[in-house]
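Participant: When you read off a place in the sequence shown, starting at 1, and then add 14, the result is the number in the working numbering. Even glycine gets a Cβ: it sits at the ideal position worked out from N, Cα and C.
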Amino acid sequence: MSTDLELMGQALALAGRARLRTPPNPWVGCVVVLDGEIVGEGATQSPGGAHAEVEALRAAGDRARGATAYITLEPCAHHGRTPPCTDALIAAGVSRVVVALEDPDPSVSGRGITQLRGHGIEVDVGIGADNARLSLAPYLLHRRLGRSFCLLKTAMSVDGRSAAADGTSQWITGPEARADAHIVRAKSQAVVIGAGTALADRPTLTARDVDPPVVRQPLRVLLDARGRVPAVGPLFDVDLAPTLVLTTDAAPDDAISAWLAAGAKVLTLPAAADGRGVDLVATLETLAGLGVLQAMFEGGAQVAGALVESGLVDRLLMYVAPTLLGTDAQAAFATAGPRAMSDARRWQLVDVARLGADVRLTYEPKLGDA
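(1) Tell me whether the region 57-74 and the region 35-44 touch, counting them as touching only if at least three CB pairs, one residue from each stretch, are closer than 8 Å.
(2) Tell me, to the nearest whole angstrom, how far the beta carbon of L237 is from that of G277; I am working on the premise that it is less than 8 Å.
(3) Which of the three DSSP states, helix, strand or coil, is assigned to A384?
(4) Identify which residue in E378, Q129, R161, D119 has its Cα closest to the Cα of T300.
(5) Please confirm whether V224 and A200 have their CB atoms less than 8 Å apart.
(6) With a cut-off of 8 Å, do at least 3 Cβ pairs link the region 165-175 to the region 328-339?
(7) What are the partner residues of A367, as DSSP defines its beta bridges?
(8) Report yes or no: do three or more beta-carbon pairs, one from the region 136-143 and one from the region 301-310, lie closer than 8 Å?
(9) In whole angstroms, give me the CA-to-CA distance for V53 and P248.
(10) Report all residues from its chain with a CB closer than 6 Å to the CB of T376; omit the five preceding and five following residues, and keep chain order.
(11) When you compare only the Cα positions, how much space is there between V412 and A265?
(12) To the nearest angstrom, report how far apart P227 and L87 are at their CA atoms.
(13) What are the boundary residues of the alpha helix (DSSP H) that includes C99?
(14) Determine the contact status of L155 and R147, defining contact as a CB-CB distance below 8 Å.
(15) Could you check how far apart the C-beta atoms of Q316 and A348 are, in whole angstroms? I think they sit under 8 Å.
(16) Which residues in the same chain have their Cβ closer than 6 Å to the Cβ of A384, if we skip the five residues on either side of it in sequence?
(17) Near S16, which residues of its chain fall below 6 Å by C-beta distance, leaving aside the five closest residues on each side in sequence?
(18) According to DSSP, which residues form a beta bridge with R329?
(19) Among A346, L381, W361, which has the Cα closest to the Cα of S171?
So this is what it looks like as C-alpha cells:
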C-alpha cells in the first residue's frame, strides 16, 4: 500500500504537468484514494475551468465517499471564477484530506482547512511540504509579497563571460541547453530583457519547440528607460507574442508613439534610484499586477548585476559552456561586488544538470542572507 508521502508525490506530479496552463492560478494536483486504491485523479484546468479537487472527485464518482483526498495546496473556500473546492469535498463525502501546504492567498489562508474540519473531515497538513513549496515557489511568493518571482537566467563561459570582446553572444551554449531554456520560458509568464540585449541580439523571446506546446506565449517585456530601442524586428511582431515596454519619463515621446504604433503596450515607471534604468522593484510589482507569477530575466549584464545587487533574485539559473572567452570579454554580471569576502552574498546550490556539453546550475539565495 502506498504511503501518504508517495500519494502526495503523485499529486505533485499531476500538478507539475498542469503548470503551463493554470497561471495566474496555482498549479494543483489531487489524488482520491479509497481502501488503498486510487479512484480519482485531477489537476487544475485553465483559468475559469475546474480545480484539481473537482476534476479528481468527478473521476472518483460515488467512490469518493469515505475516501482520502491528497491535495498539493489548501482547497479554496471562496467563490472566484469557480465555486469553493471545500464545498465539493464536503458534498462528495470524503472522510480525510491531506494537504501539502496552506495557501497564503488572503482569500484562503487557512479558511479551507478550518471549513473542512468544521464539517468533521480529518485534515492533515504538511505531507510533502518541501517538494510542494519548491514546485509552487512562484505562486507562493507572488501571494506573500505582491511581486513576481524573479528568475534570473544567464549563459556564460567557464570564466564567467556572457559575450565575446566584440559583443557577440550567440551561441555560447549548445542546442540542449538552449532547448532547456525554452522550457523555462514556457513555465514563465513573462520574459524580460534590457535595452542593450534588445539592440545587440534582436531576440524573438518566444518559447519554441516545447513539448507539450505552450498554451500561450509569455509576455515579452523590454526595459528601456530612455527610448533607445526602435520599434522594429521580431520583438515588436505582436503576432508572435504580446510585448510590453516598461520605460521612464526620460523616454522621448516619438519612441513611445512608435512602440504603441507597433502594437506594444507601454507603461511608465519610476527610474532606478541610481538613475540607471527602470526601477526593478516597480517592475516586479507591475508584472505581478498583470498576473505574472514568474518573470524570467534574460537581459544582459547590466540588468543581471542590478537584480543581484538589489537582492531581488529568487532563483539563479546559470548555463555554463565549456569555453574560455578571456579578460576582454564581457562579464555575465555588471556589478561592483563586495569590498571583502566577508561581505560576499552567499547562494545555495539546489540543482545540477548536464545538458549536452554544458552544465546548468540552479542557485537560490542562502537562507539568512539579504
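Facilitator: By the coordinates alone:
(1) yes
(2) Not a contact, Cβ separation roughly 18 Å.
(3) Confidence is the limiting factor: at A384 the pLDDT is only 47, short of 50, which leaves the residue's position unreliable, though a coordinate-based value still follows. Coil.
(4) R161
(5) yes
(6) At 8 Å Cβ cutoff, the stretches touch.
(7) Residue pairing of A367 in beta bridges, as defined by DSSP: R374.
(8) no
(9) 48 Å
(10) L331, V364, D365
(11) Any answer about residue 412 is impossible in this case: the structure gives the chain only from 15 up to 384.
(12) 26 Å
(13) 99-106
(14) no
(15) 5 Å
(16) Because the pLDDT at A384 is just 47, under 50, the model does not fix this residue reliably, and the value given afterwards should be weighed accordingly. Cβ within range, chain order: G325.
(17) none
(18) L165
(19) A346
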